[in-house]
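Working notes for the structure below.
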Amino acid sequence: MAERVQQPPAKRLCCRPGYNTNCRQGQRAGGTLCGGSGAAQGGSSKTHSPESLLDISARKVAEKWPFQRVEERFERIPEPVQRRIVYWSFPRSEREICMYSSFNTGGEESGTSGENSDETRLPFRRGIALLESGCVDNVLQVGFHLSGTVTEPATASEPELVCSVSVALTVARSLR
């Protein structure tokens, strides 16, 4: 009779960003317990779900091409795919958000004079200062529409300024 040879457990990808191909169920990779039935044995009941193929591919597309180019290149893109590409097109780090929100083509705040080149004059930093000082109120986000009220405090030369702000991003607009 032929002997049955027990196969070693199949290798699994960790269910977290930066997948580790050497990880097995229940083992630790970078301090995180890998998913699967072995995860419960390690004392942690928290498991991670793998990223969907839709999210992985939408993220890769968003990293490589502006949404406008994708839209021009392909005749029909299913709406769920469009939404995920748009989601991943938004900058993730504070540095990137600062860079995109501080883009100016010239004019008063372009940083051409010595006074305006100060980092605190950047629109991003001014926005953070207003948020931290409690000047941003009634914020509402519905899909890709963001609205709120911003109160710029009075200065010696200017009265208090209350602005209703509304920003809407459309799918036809290039986000990156």
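Using full-length UniProt numbering, read the sequence shown as starting at 1 and increasing by one per residue. Yeah, the Cβ is synthetic: ideal placement off N, Cα and C, and Gly gets one too. It should be emphasised that the depicted structure is a prediction, and the values quoted were computed from it without experimental measurement.
Judged by DSSP secondary structure, E152 falls within the beta strand (DSSP E) whose first and last residues are 145-152.
Two segments are said to touch when three or more pairs of C-beta atoms, one from each, lie closer than 8 Å; by this definition the region 74-89 does not touch the region 117-136. Sequence-distant partners of V139 (beyond 5 residues in either direction) whose C-beta falls short of 6 Å from its own C-beta, in its chain, are G148. A direct Cα-to-Cα measurement between F144 and C135 gives close to 22 Å. By a beta-carbon distance limit of 8 Å, R73 does not contact L54. Their separation comes to about 18 Å.
Excluding five sequence positions before and after V165, the CB atoms of its chain that fall closer than 6 Å to its own CB belong to G148, V150, given in chain order. C163: not part of any alpha helix (DSSP H); member of the beta strand (DSSP E) spanning 161-168, first to last residue.
For E132, the closest alpha carbon among the candidates E152, Q141, I97, V142 is that of E152.
Closest option to R95, judged by alpha-carbon separation, among R76, P78, V167, R125: R125. Scanning its chain for C-beta atoms nearer than 6 Å, with the 5 sequence neighbours on each side dropped, one finds around V167 the residues L146, in chain order. The residue from D137, I97, L130 with its alpha-carbon nearest to that of A154 is L130.
In this structure, DSSP gives L122 a state outside helix and strand, which the three-state scheme calls coil.
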